[in-house]
Amino acid sequence: NIPPHNLGEVIDGCLAYVDNEDITIEELMEYITGPDFPTAAIINGRRGILDAYRTGRGKIYIRAQADIETDEKTGRETIIVTEIPYQVNKA
Numbered sequence: 001n002i003p004p005h006n007l008g009e010v011i012d013g014c015l016a017y018v019d020n021e022d023i024t025i026e027e028l029m030e031y032i033t034g035p036d037f038p039t040a041a042i043i044n045g046r047r048g049i050l051d052a053y054r055t056g057r058g059k060i061y062i063r064a065q066a067d068i069e070t071d072e073k074t075g076r077e078t079i080i081v082t083e084i085p086y087q088v089n090k091a
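Okay, here's the thing in C-alpha cells:
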C-alpha cells in the first residue's frame with residue numbers, strides 16, 4: 001500500500017531525478033518530504049518514510065491532533081479532534 005503524496009512534490013522529485021540520476025534518497029526527500037494525508041494527521045518521525053523510500057517497505061506512525069475547548073456558557077470542556085490518522089473511521 002502506497003500512502004498518498006503531494007503531486008507537485010512528486011513532480012519536482014521526478015524532475016530532480018531527470019536532472020541527476022545519481023540523486024540520493026536524502027536529496028530526493030528535499031523535494032518529496034513524505035506522505036501527504038488528506039486528513040492532515042501528524043507523522044511521528046521520519047525513519048519509516050526513509051526506509052520506505054530506500055527499500056520499498058517501511059512503517060509510518062501517524063497520530064491524531066486534538067484541542068480542548070471550554071464552552072463559555074456552561075464552562076464544560078470539550079475535546080475537539082481536528083486531525084485524524086489516514087483511513088481511520090470518522091464515526
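Under UniProt numbering, the first residue of the sequence shown is numbered 1, with each subsequent residue one higher.
Note that CB positions come from ideal geometry on N, CA and C, so glycine has one too.
Here the structure is a predicted model, which means the values were calculated and not measured.
Beta-carbon proximity check, residue i vs residue j, cutoff 7 Å
i	j	result
Ala40	Pro85	no
Gln65	Glu77	no
Tyr31	Asn44	no
Asp36	His5	yes
Residue i - partner residues in DSSP beta bridges
i	result
Val10	For Val10, which the question treats as bridged, DSSP gives no partner whatsoever.
Gln65	Glu83
Ile43	Ile62
Thr78	Glu69
Spatial distance of residue i from residue j (CA atoms)
i	j	result
Val81	Ile68	9 Å
Gly48	Leu7	20 Å
Glu27	Pro38	25 Å
Arg23	Arg63	Sequence check: residue 23 is Ile here, not Arg. Cα to Cα, Ile23 sits roughly 31 Å from Arg63.
Gly58	Ile79	32 Å
Lys73	Ile11	50 Å
Glu9	Glu21	17 Å
Arg54	Gln87	24 Å
Residue i: first and last residue of the uninterrupted alpha helix (DSSP H) it sits in
i	result
Glu21	Careful: Glu21 lies outside any alpha helix (DSSP H) and carries neither H nor E.
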